[in-house]
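Those letters in the sequence shown? Residues -28 to -1, 1 to 564, by mature numbering (1 follows the signal peptide of the UniProt record, and there is no 0).
All C-beta atoms in this analysis are idealised placements derived from N, C-alpha and C, irrespective of residue type, glycine included.
Remember, predicted model here, so these are calculated numbers, not experimental data.
Below: one structure, written as structure tokens.
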Amino acid sequence: MNAFSRRSLITGATAIGLLAALPVPAHALPAPPPVTPDRRPFAPEEQRFAPYLMLVSPMVADMEPGGFFAGGWWRNPAASYNARVQEHVYTLAWFATQSRSWNPYRGNANLLAALDAGLGHYLGLQHADGSWPEYSRDQHSLAATGFAMGYLSKTNALLRRAGVLPQRQAQIAASLRLAMTWFLNGSNGTVWQSPLTWANQTAAGLAGSALALKQDPDPVLRQRLTEAFARLAATGQSPAGYFYEESGADTNYNFEVMLPELADAWRQSGDANLVDMARKYTGWLGYNLLREPDGSGWFANIAPNSRTSSKFYADVRPDPERTALNNQFVPEVPDLAAFVPSREDLAAARAEWAADPAPVPALTKPDTSPRILAHAIYGERYPSRSERTAAIARLPYQRAHFTERRSDQGQDFLFVRRPQFYLGGYFGTRRATSLARTGLTFLWHPVAGTIVQSVNNNNHACWATVFPGQVPDSNGPQQAEFLGGEPYRFRYRTPSGSVVTQVTVGDRITRSVRANAAATEQIPLVVRDSDTTALDSRGLTLTRGRVTFRFDWAQELNPSLRPASTITYPGRRMHILTVPHNGTFALTISVR
């Protein structure tokens, strides 16, 4: 680790006096010296800070004299009017105020001056009504305001405990009061809709409000916050279980942003609505995160996703990790233990990190989320390995037989479990956004794991009937008829009737397609490095360990199997199976 001279290390009290006398710099702000971290001194739960320690010096060096975080370190557009760029004030505040053997920046005058300037620019962007802009200077942004309330309240907590920048402390408190007045107003249509448009952004503002009101109590705003938590529960979560992101589900925003924000808000407020929401969402995850039986990770049912494409989660996810704060709910929501690492497995991964002789990997712009640090304030509540194993055993698809259908706002989500298969589907009179892909969405086996993963926002990697010009039926709504019976039958079609597909699920799966013109059957297969595949004119055989799958179309056709150019997973890669046909196609999937 690089060392500072004794002159550059000053106490917080000295820093305040120095800042009061600092002239406005004519050029870029002077940066503190860079640091190369030594892994060994970091406590296991603080390893997440190591890559951020390396950001401090170059981030300050890029700052403009007025406090704008130039350099493109975080969020786009990287423009001076975008308040979200300024969220790294929390990063600077943490290193400027926290005493650790590996943190030479505590009390550093240059860092405190940069923090002061950064806060000045951040607060100066706030509108008179309490909101902040993001994509234009005149915008009154839900996201920029909601997340500002979180970062500024946490920054102020650090400043108060350290006794530094007292004038900024008072300004932040006044700014937060103004922001809460705007944000907690139930008639504010930017924040509150029914249902919510971007539930994660609204939840972030409530988490920030809860901390701000602990710092500076206000009975009127406290009552509005209590009402807001109830409103969030009523309008922010689908009866199907997911949190609303543009009226649909989105694994990334639900699991990696919304659920951690609920945990943050709950730890600050204790509001019971938030635990209920976490419990309902955990139930949704139980159908939509597919565990690999070898314990290597989880595939996400992402074809219905409205905004992003998080395809796979490793089983053990050491920091820096966006889902880490979800562990706070585990004692209250024991089934959530399935989806976070166990204490023992995480400890082993952290010990391995500490013993690694390689340099700490640097974060790359703009992937430097300050949320990783801001959510490290509550300690850890990870389950034991035995508790997690028990939660995994309770996953719904560990059972051998069920048919589950969940619906909301013209969308139907189907989950069919039979002894040999677990099959998912997404249908309805509408889809959440143009990114979602309808039809069959995944195929999982209790021993082999995920065999098919249909991807959203991709016409080449979705399970579909594809017309010439790469036009899949899945890129649009498809209404379904749920016919029932055993084997279970359902049928779905495009709005024009150009494709009608009937599916039967029992000890085998049959998929019968009737298109009004020549088309291609397209199946995105997940192929492990150790799998073997054999393609012939009448079908495909995929062998994984002792399990063999046969995709059989029972007629001489001209199929092809090619690796996807960009879609990979640890030890696996997506391969696209395509089978051109004359418009009538029958597929049988069997396993032995």
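Report the three-state DSSP secondary structure of residue i (helix, strand or coil).
i: His347; result: coil
i: Ala452; result: strand
i: His432; result: coil
i: Ala42; result: coil
i: Asn(-27); result: At Asn(-27) the pLDDT is 36, less than 50, meaning the model places this residue with poor confidence; the figure from the coordinates comes in the next sentence. Coil at Asn(-27), not helix or strand.
i: Gly555; result: coil
i: residue 599; result: Only positions -28 to 564 of the chain appear in this structure, which leaves residue 599 out of reach.
i: Val192; result: helix
i: Thr153; result: helix
i: Arg545; result: strand
i: Tyr354; result: coil
i: Tyr216; result: coil
i: residue 572; result: Residue 572 is absent from the structure shown; the chain starts at -28 and stops at 564.
i: Ser147; result: helix
i: Val(-5); result: The predicted model places Val(-5) with a pLDDT of 41, which falls under 50 and marks its position as unreliable, so this point remains unresolved.
i: Tyr464; result: strand
i: Arg516; result: strand
i: Val229; result: helix
i: Ile561; result: strand
i: Thr198; result: helix
i: Pro23; result: helix
i: Val163; result: coil
i: Glu458; result: coil
i: Glu359; result: helix
i: Val475; result: strand
i: Pro368; result: helix
i: Ser537; result: strand
i: Arg239; result: helix
Quick test of your reading: residue i and residue j, contact by CB under 8 Å. State the CB separation rounded to the nearest angstrom.
i: Asp503; j: Thr515; result: 6 Å
i: Pro292; j: Pro531; result: Not really, about 43 Å apart at Cβ, beyond 8 Å.
i: Glu447; j: Arg486; result: Correcting the residue type first, residue 447 is Asn in the shown sequence and not Glu. About 19 Å separates the two Cβ atoms, so there is no contact after all.
i: Thr413; j: Gly382; result: Contact doesn't hold; Cβ gap of about 17 Å is too wide.
i: Pro449; j: Pro467; result: 6 Å
i: Gly43; j: Met31; result: 7 Å
i: Tyr123; j: Val163; result: The pair is not a contact, with the Cβ atoms about 17 Å apart (cut-off 8 Å).
i: Ser219; j: Pro167; result: 7 Å
i: Pro338; j: Asn54; result: The Cβ separation is near 11 Å, so there is no contact.
i: Leu1; j: Met26; result: That pair is no contact at about 18 Å.
i: Pro342; j: Trp46; result: 7 Å
i: Tyr259; j: Phe215; result: 15 Å between Cβ atoms; not a contact.
i: Ser356; j: Ser314; result: 6 Å
i: Asp380; j: Pro211; result: 6 Å
i: Ala179; j: Asp236; result: 4 Å
i: Val302; j: His417; result: Not really, about 29 Å apart at Cβ, beyond 8 Å.
i: residue 569; j: Pro13; result: The requested residue 569 does not occur in the structure, where the chain is confined to residues -28 to 564.
With a threshold of 16 other CB atoms inside 10 Å of the CB of residue i, please say whether the residue is buried or exposed.
i: Gln195; result: exposed
i: Ala327; result: exposed
i: Glu264; result: buried
i: Ser71; result: exposed
i: Val(-5); result: Per-residue confidence for Val(-5) stands at a pLDDT of 41, beneath the threshold of 50, marking its modelled position as unreliable; no derived number is given.
i: Ala176; result: buried
i: Pro290; result: buried
i: Asp10; result: exposed
i: Thr127; result: buried
i: Glu217; result: buried
i: Gly96; result: exposed
i: Asn224; result: buried
i: Gly242; result: exposed
i: Trp473; result: Note on identity: in this sequence residue 473 is Thr, with Trp being the wrong assignment. Classification for Thr473: buried.
i: Ala(-8); result: With a pLDDT of only 35 at Ala(-8), under the threshold of 50, the placement of this residue in the model should not be trusted; the figure read from the coordinates follows. So Ala(-8) ends up on the exposed side.
i: Gln98; result: buried
i: Val419; result: exposed
i: Gln300; result: buried
i: Asn429; result: buried
i: Gly79; result: buried
i: Pro76; result: buried
i: Ala(-3); result: Caution applies to Ala(-3), whose pLDDT of 41 falls short of 50 and renders its modelled position unreliable; the model cannot decide the point.
i: Asn82; result: buried
i: Asn298; result: buried
i: Gln425; result: buried
Report yes or no: do the stretch 268 to 277 and the stretch 417 to 435 share at least 3 C-beta pairs separated by less than 8 Å?
Contact holds: three or more Cβ-Cβ distances are below 8 Å.
Taking contact to mean 3 or more Cβ pairs, one atom from each stretch, closer than 8 Å, check whether the stretch 82 to 96 and the stretch 354 to 374 are in contact.
No contact exists between the stretch 82 to 96 and the stretch 354 to 374.
Suppose only complete runs of 4+ residues qualify. What are the alpha helix (DSSP H) ranges in the stretch 292 to 343, listed by chain order?
Complete alpha helix (DSSP H) runs here, min 4: 315 to 327.
So, do the stretch 307 to 315 and the stretch 536 to 544 have three or more beta carbon pairs nearer to each other than 8 Å?
Fewer than three beta-carbon pairs drawn from the stretch 307 to 315 and the stretch 536 to 544 are found closer than 8 Å, and the two stretches are therefore not classed as touching.
Length-filtered (3 minimum) beta strand (DSSP E) runs lying within the stretch 374 to 447:
The qualifying runs are 374 to 380, 383 to 390, 393 to 400, 411 to 417, 421 to 425 and 436 to 439.
Okay, do the stretch 490 to 501 and the stretch 538 to 549 touch, 3+ Cβ pairs below 8 Å being the bar?
Yes, the stretch 490 to 501 is in contact with the stretch 538 to 549.
Take every Cβ of the stretch 225 to 232, pair it with every Cβ of the stretch 169 to 183, and state whether three or more of those distances are shorter than 8 Å.
Short answer: they touch.
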